[in-house]
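Engineer: Handing you this structure, nothing more for now.
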Amino acid sequence: MRSLIVLWLACFSFYSFAADSDNVSMTNEQFLQQLHPQSGDIILGNGVAELSLTDKFQYLSPKSTERLLVDGWGNPPGNKTLGMLIPANTNPLSNDGWGVVITYQKDGHVKDSDAKTIDYNELLQKMKKETQSESKERVKQGYGSMELVGWAQPPRYDQATHKFYWAEDLKTSDSREDSLNYNIRVLGREGVLVLNVVGGMSQLHDIEKETPALLAVTNFTKGNRYADFDSKTDHVAEYGLAALVAGGVAAKMGLFAKLLALLIAFKKVIIIGVAAFGGVIMKLFRRKK
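All letters in the sequence shown, in the order written, are residues -18 to -1, 1 to 271 by mature numbering (1 follows the signal peptide of the UniProt record, and there is no 0).
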């Protein structure tokens, strides 16, 4: 069925976007131009972080990010972000399109003293059991079941740059393709930059290939860096690196999940959830019919 949808989609050169109450038809290129992609040096938020973009990526402002997520990918409105990165050589509305949504969690300074002692195999088994329990509750609430298959890429932490990244392979009963939960965290003085990749398992190779570039261009500004932490004045987070990875897989499967492309009135629909971490619960996926 998916192959038929993709074939049908290829026969058309436009999508229909419902930006307002009236439907406006335009080509992918026209829609992308209206997002006003930016390049070069970008300051995020109130100056807490910065992007030093090469020709590999373009930046979308929070307003443009909202439009892409809602009008381009069919997500619910109200997404609070610092913006989004998209590959410069791939249209985000194409089947190969993917992006990196950026948010900031000001929960305090995350100590990395457990970096060398975390047993990620043991952590994975605990996460699988937790996902099984959460999956039962999901089914009771009318959602599809979920299984944590394993690491798509095991956690890696660079203690010199305080950058942490990993990927999870998740299987859901309402999706024929496994879902990719790719996470990048940049630790700072008072919080964590959260980069969540919106993509599918079939795009893991492309995303992994670009991860070093993503890590290189994303940094906290002077005064907000990890090394700027002042133990006399700054708050320390109540969790460490292991909690950044675990945290409830079914409840926090990334900020956004690009799970299934459908053609409905020429709209590309992405099923997503709402941001969650540290006790804030995310509802994921469509309800079963």
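We put the CB at the ideal spot given by N, CA and C, even for glycine. Only a predicted model underlies this, so the values are computations on that prediction, with no experimental measurement involved.
#1: Decide if R167 is buried, meaning its Cβ has at least 16 other Cβ atoms within 10 Å, or exposed.
#2: From which residue to which residue does the alpha helix (DSSP H) around V199 run?
#3: Report the CB separation of A224 from L106 in whole angstroms; it is logged as a contact under 8 Å.
#4: Alpha carbon to alpha carbon, what distance is there between L152 and R120?
#5: With 16 other CB atoms within 10 Å as the buried threshold, where does I84 fall?
#6: Our contact map puts V92 next to L169 with C-beta atoms below 8 Å; I'd like the distance itself, whole angstroms only.
#7: Buried or exposed, going by whether 16 or more other CB atoms sit within 10 Å of the CB of V174?
#8: In three-state terms, what does DSSP make of K45?
#9: Which runs of the alpha helix (DSSP H) spanning at least 4 residues fall entirely within the region 43 to 99, listed in chain order?
#10: Among T143, Y208, N206 and A97, which has the Cα closest to the Cα of L196?
#11: From the DSSP output, read off the bridge partner residues of R179.
#12: For T154, report the span of its beta strand (DSSP E) as first-last.
#13: On the DSSP bridge assignment, give the partners of V174 in chain order.
#14: Distance check for E172 and N206, CA to CA, integer angstroms please.
#15: In three-state DSSP terms, what is Y102?
#16: Can you find the residues in the same chain that come closer than 7 Å, C-beta to C-beta, to Q87, ignoring five residues on each side of it along the sequence?
Structural biologist: In brief:
#1: Looking up residue 167 in the sequence shown gives position 185. Counting of Cβ neighbours within 10 angstroms places R167 among the buried residues, the total reaching 16 or more.
#2: Position 217 of the sequence shown, counting from 1, holds the residue named residue 199. For V199, the enclosing alpha helix (DSSP H) covers residues L186 to V199.
#3: Taking the first residue of the sequence shown as 1, we reach residue 224 at position 242. Taking the first residue of the sequence shown as 1, we reach residue 106 at position 124. Not a contact, Cβ separation roughly 11 Å.
#4: If you number the sequence shown from 1, residue 120 lands on position 138. If you number the sequence shown from 1, residue 152 lands on position 170. Rounded to whole angstroms, R120 to L152 spans 14 Å at the Cα level.
#5: As a position in the sequence shown, residue 84 is number 102, starting the count at 1. With 16 or more Cβ atoms within 10 Å of its Cβ, I84 is classed as buried.
#6: Taking the sequence shown and counting its residues from 1, one reaches residue 92 at position 110. Taking the sequence shown and counting its residues from 1, one reaches residue 169 at position 187. With a Cβ gap of about 5 Å, V92 and L169 count as contacting.
#7: Along the sequence shown, read from residue 1 onward, the residue named residue 174 stands at position 192. Under this definition V174 is a buried residue.
#8: Locating residue 45 in the sequence shown gives position 63, counting from the first residue. Here K45 sits in helix by DSSP.
#9: The DSSP assignment places complete alpha helix (DSSP H) segments of no fewer than 4 residues inside the region 43 to 99 at 44 to 49, in order along the chain.
#10: Against the sequence shown, residue 196 aligns to sequence position 214. Minimum Cα distance to L196 is reached at T143.
#11: Mapped onto the sequence shown, residue 179 falls at position 197. A small fix is needed here, since residue 179 is Val in this sequence, not Arg. Partner(s): V82 and Y164.
#12: On the sequence shown, position 172 is the one that residue 154 refers to. Residues K145 to T154.
#13: Mapped onto the sequence shown, residue 174 falls at position 192. Looking at the DSSP output, V174 bridges to Q87 and L169.
#14: On the sequence shown, residue 206 is found 224 positions in, with the first residue counted as 1. On the sequence shown, residue 172 is found 190 positions in, with the first residue counted as 1. If you take the alpha carbons of N206 and E172, they lie about 7 Å apart.
#15: Numbered from 1 along the sequence shown, position 120 holds the residue referred to as residue 102. Note: Y102 maps to helix in three-state DSSP.
#16: As a working note, residue 87 is residue 105 in the sequence shown. Taken in chain order, the residues that qualify are G173, V174, V176 and F259.
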